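Some notes on the structure that comes next.
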Amino acid sequence: MSWRNAKAVLAVLVGTGAVIAVPATVNALISDDVTLMDGRPVDVGVGVGVTLSPPAGSRLSLSDSVPAISTVLLRHEGATLEVTAVSGVDRPADFLAHARRKLRREGMFTVRLRPVVTRAGVLGERGDLVPVPGGVGVSGCYAGFVADERGIVVKISNVSECRAVPPLVWVAVESITVAPEEEW
Amino acid sequence: MTVRPWSGPGTPAWWTLLLLNVVGGGASLLLMTLLGWPVPRSTAMAVGALLVAATLFLVVLGRWVDPVERRPSWLVAAAVVYGGSGAIAVGLGSGPIAALMAKTVSLEFANAWGVAVMAPVAEEAGKLGGVALLMLAARPYLATVWSGAVYGALVGLGFTLVEDFGYAASAADEVYQDDVRAAAELLLMRVLTGFALGHPLYTALAGAGLAYAVLRVERSIGSRALALIAGIGAAVLLHALNNSPIVGWAAKTVDPLPGVSGWTGYLALIYLAALPGLIVLWMLRRQAVLHGLRRPATLGLPGITDGDVTVLSRWASCRRESSALRRSHGKQATAAFRLLRRARLRLCGEVAQPYRGWPAVLSPAQYAPTVHKALEEVRQARAALEQACQPQHAEPANAAVASSRLTSKAVAVPRHPEHDESPHPDRGGSSHPERSDTHEPRAAPVGRPTASRLVALVAATVGYSWLLGGLLSLTEGS
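Sequences listed follow chains F and Y, in order. If you're matching positions, the first sequence starts at 8 in my numbering and goes up one per residue. If you're matching positions, the second sequence starts at 59 in my numbering and goes up one per residue.
Right under this line is the structure:
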């Protein structure tokens, strides 16, 4: 009786585990990044209405680009660009302050902040990311934008500061556009 | 056939479930703490709201939806904790499914349909695994297809509590610092649109399919496999529909109509899709209630006659009888009638659940002290009703009703293998000398919904969706 029960338990555990282990294994075997064609815009999430046009040769990380939380992760010339978009932002200053606060929670200070504007006229700010001493944060560059009740946070890592961001990566950031949001 | 005492700790499944719940429950609490720590006010609000919703769910489930069988609290807790820990862990591992969709089809396709595929597949598998473990760990408590549905719903409840908390905490931290309003809006939307009709319903359907496949050994392998596939398929499809762009299209289609918000289309689609599943569960419930109410008589115990089953199994009949008694004999008789109803339900519950590993009733002469106590309560409640009916002259119809409650006789000494050295029934037990109303087991007739009832149900569902849709659009507007 006990052996039968044990075998059944094992079958349940193996069956349940297989449902996540099999896709994870197959996923790991397929290359994670896809090279993007020149000028092809990428939607940041679904229905948020935020897009950016990455430079030619950028690699889009398919595993780390999560539609459920409207995040896109691109790699270009060694820099990693992570763009996250949210809707319902009616107090831009509070949103940007909260974005910086969340970065500090992740172990990074934002310093040398200055205003910035995209080619489409979306206003925002940018600053260097400095790791909190003893924390897990990394150096890099931060940018935050708010337009039409949409908030966008850009985090560029694998660079020492904003001035070290490859120009084409910054061109991608400046290509961010905000279109009308889909209600449903 | 030899009846052996069941022992939870004697089964590997029991220990596996315990281990998963202790480790997984701890991990789940840690995850919730990490999510809730930066948003303390929203966390307090979300925990309070979800506790209220969970309590209401459990009360409605235990008191009205599942009134006959008594579910042990440790098993209910195990189901809810597993749903909020083990099943959540499996669900969290669904990311590679969406990544695979992006790699093999396109990022746009994964964006649109990713959550409609990855969440149902992984989450339903995780939750169904929990129901299977519960069946293996506590088999005597999951003896009917309806039990599979009930424990499935409980696993789904645990899952939805942790998931809703996670979404609320994330919403509170997404745009502004500790945004209680965003968390409250999200919770309101999730509770109104899918709390009971979401994960609890999906897992109830899958659990019923699993229980049918495991318990209905008298049926062919084909029909059992079909029931399992149907249960899991219904759960996955309903979940997928809820997460798919189809609900968005329904909302967009309905939105331009005058006096109707997009929410109406969204809700109507979800509710109408859930309706067939709810009807199947309702039929299973009815079958289980009738079976449970007839069980004491089937086992040769007094206390509940066929007439009582008719009254006890329907709320409307119960209310009608109660009102008739109130009119003819006053409040005291109604109270006594309610007590008798409760005592009879308790008797059915005690008969259905094992007593210290043994079946509660081994034979009409051998049953657990809990059954004896319940029989005694029935006898006392019946005497109280008789007394309440005596001082006044009853109308003929009500007198008949009252007297029909008084026909069964009391039961004497409880005897159970644990307390008694009497021969085991397998080796020859004796029937009870005072048993007065033995019934043969009968197939429980289950009322099928008629076409007019279905039309009314669909109309009511659309009407409810319209009302709730209006409420949600008002909330959004404010």
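Glycine is no exception: its CB is placed at the ideal position from the N, C-alpha and C atoms. Treat the numbers as computed from the prediction; the structure is a model and nothing was measured.
- Message: If I follow the unbroken alpha helix (DSSP H) through ASP101/F, where does it start and stop?
- Response: Counting along the chain, the alpha helix (DSSP H) containing ASP101/F begins and ends at 99-112.
- I think ALA332/Y touches LEU255/Y, with their Cβ atoms under 8 Å apart; what is that distance to the nearest whole Å? Their Cβ separation, rounded to whole angstroms, is 5 Å, which keeps ALA332/Y and LEU255/Y in contact under 8 Å.
- Item | Beta-carbon spacing of SER554/Y, LEU93/Y below 8 Å | Chain Y is shown only over 59 to 536; residue 554/Y falls outside these bounds and no answer can be derived.
- Query: Just the Cα atoms here: how many angstroms apart are ILE304/Y and PHE167/Y?
  - Reply: Roughly 14 Å separates the two Cα atoms.
- Can you name the residues of chain F whose CB is closer than 7 Å to the CB of ALA183/Y? Against ALA183/Y, the close residues of chain F are THR23, VAL26, in the order they occur along the chain (beta-carbon pairs closer than 7 Å).
- Query: For GLY151/Y, which residues of its own chain have a beta-carbon under 7 Å away from its beta-carbon, when the five flanking residues on both sides are left out?
  - Reply: Around GLY151/Y: ALA180.
- Going by C-alpha distance, which of VAL81/Y, LEU200/Y, ALA112/Y, GLU182/Y is nearest TRP64/Y? A check of alpha carbon separations from TRP64/Y across VAL81/Y, LEU200/Y, ALA112/Y, GLU182/Y identifies LEU200/Y as the nearest.
- Message: So if I threshold CB-CB distances at 8 Å, which residues from the stretch 154-165 of chain Y count as touching chain F?
- Response: Of all residues in the stretch 154-165 of chain Y, those with a C-beta nearer than 8 Å to a C-beta of chain F are PRO154, ILE155, ALA156, ALA157, LEU158, ALA160, LYS161, THR162, LEU165, reading in chain order.
- Query: Measuring CB to CB, does ALA150/F end up less than 8 Å from VAL176/F?
  - Reply: No, the pair does not count as a contact, with Cβ atoms beyond the cut-off.
- Task: Starting from ILE381/Y, find everything on chain F with Cβ-Cβ shorter than 9 Å and list it in chain order.
- Result: Per the sequence shown, the amino acid found at residue 381/Y is Ser instead of Ile. Result: empty, since nearest Cβ-Cβ is about 48 Å, beyond 9 Å.
- Local conformation of TRP132/Y per DSSP, three classes: Correct three-state label for TRP132/Y: helix.
- Query: Using a Cβ-Cβ distance under 8 Å, would GLU232/Y count as near chain F?
  - Reply: Judged by the 8 Å Cβ criterion, GLU232/Y is in contact with chain F.
- Item | Residues in the stretch 140-151 of chain Y having any Cβ partner in chain F nearer than 8 Å | Near chain F, meaning a CB-to-CB distance below 8 Å, the residues of the stretch 140-151 of chain Y are VAL148, GLY151.
- Task: Can you check the stretch 268-349 of chain Y for any alpha helix (DSSP H) of at least 4 residues that lies completely inside it and give the ranges in chain order?
- Result: Entirely contained in the stretch 268-349 of chain Y, the alpha helix (DSSP H) runs reaching 4 residues are, in chain order, 279-301, 303-312.
- Query: What does PRO99/F touch in chain Y if you count any residue whose Cβ is under 7 Å from its own?
  - Reply: Correct list: empty, because the minimum Cβ distance to chain Y is about 11 Å.
- Neighbourhood of GLY83/Y by C-beta distance below 8 Å, restricted to the same chain and skipping five residues each side: Excluding positions up to five away in sequence, the list reads VAL139, GLY142, SER143.
- Message: Quick check: the Cα distance between ALA31/F and LEU186/Y, rounded to an integer number of angstroms?
- Response: For ALA31/F and LEU186/Y, the distance between alpha carbons rounds to 20 Å.
- Query: Is the stretch 96-108 of chain Y touching the stretch 437-447 of chain Y, taking contact as three or more C-beta pairs under 8 Å?
  - Reply: Contact between the stretch 96-108 of chain Y and the stretch 437-447 of chain Y is absent, because fewer than three Cβ pairs lie under 8 Å.
- Item | Backbone secondary structure at SER386/Y - three-state DSSP | Helix, per DSSP.
- One or two residues paired with ASP50/F in a DSSP bridge: DSSP, once it has assigned bridges, lists THR58/F as partnering ASP50/F.
- Task: Following the continuous beta strand (DSSP E) through PRO174/F, name the residue where it begins and the one where it ends.
- Result: Here PRO174/F belongs to no beta strand (DSSP E); instead the alpha helix (DSSP H) covers 174-181.
- Query: Using the rule of at least 16 other Cβ atoms within 10 Å of the residue's Cβ for burial, across every protein chain shown, is ILE287/Y buried or exposed?
  - Reply: The residue is exposed, with fewer than 16 neighbouring Cβ atoms inside 10 Å.
- Task: Identify whether GLN445/Y lies in helix, strand or coil by the three-state DSSP scheme.
- Result: When DSSP states are grouped into helix, strand and coil, GLN445/Y belongs to the helix group.
- From ASP366/Y to ALA147/Y, what distance separates their C-alpha atoms? Answer to the nearest angstrom: the Cα atoms are 46 Å apart.
- Distance between beta carbons of LEU110/F and LEU136/F, contact taken as under 8 Å: Between the beta-carbon of LEU136/F and that of LEU110/F there is about 7 Å, and that keeps the pair under the 8 Å contact cut.
- Task: Please work out which residues of its chain come closer than 7 Å, Cβ to Cβ, to GLY267/Y, disregarding the five sequence neighbours upstream and downstream, and give them in chain order.
- Result: Excluding sequence neighbours, GLY267/Y sits near ALA285, LEU286, ALA288, GLY289, ILE290.
- Item | LEU67/F beta carbon less than 8 Å from that of VAL7/F | Not covered by the structure: residue 7/F. The range shown for chain F is 8 to 191.
- Message: At the level of alpha carbons, what is the spacing between VAL160/F and LEU109/Y?
- Response: Approximately 34 Å, taken between the alpha carbons.
- Task: Excluding the 5 residues preceding and the 5 following ALA241/Y in the sequence, name in chain order all residues of the same chain whose CB lies nearer than 8 Å to its CB.
- Result: Around ALA241/Y, the same chain offers VAL97, SER100, MET103, ALA104, ALA226, ALA227, ALA229, ALA230 as residues with beta carbons nearer than 8 Å, after the five sequence neighbours per side are excluded.
- Query: Would the beta-carbon of GLY361/Y fall within 8 Å of that of ARG399/Y?
  - Reply: No, Cβ-Cβ distance for GLY361/Y and ARG399/Y is not below 8 Å.
- Message: For chain F, check one thing: does any of its Cβ atoms lie closer than 8 Å to the Cβ of THR69/Y?
- Response: Contact of THR69/Y with chain F is assigned, a C-beta pair being separated by under 8 Å.
- Query: For VAL93/F, does the three-state DSSP call read helix, strand or coil?
  - Reply: Of the three classes helix, strand and coil, the one that applies to VAL93/F here is strand, per DSSP.
- Item | Counterpart residues of GLU181/Y in DSSP-defined beta bridges | Its beta-bridge partners do not exist; DSSP assigns none.
- Should PRO316/Y go down as buried or exposed, given a rule of 16 or more other Cβ atoms within 10 Å for buried? Around the beta carbon of PRO316/Y, a 10 Å sphere encloses fewer than 16 other beta carbons of the protein chains shown; the residue is thus reported as exposed.
- First through last residue of the alpha helix (DSSP H) which encompasses ARG414/Y: The continuous stretches of alpha helix (DSSP H) do not include ARG414/Y, and DSSP gives it neither H nor E.
- If we call anything under 8 Å between Cβ atoms a contact, is VAL55/F one with GLU168/F? Against a cut-off of 8 Å, the Cβ pair of GLU168/F and VAL55/F comes out as no contact.
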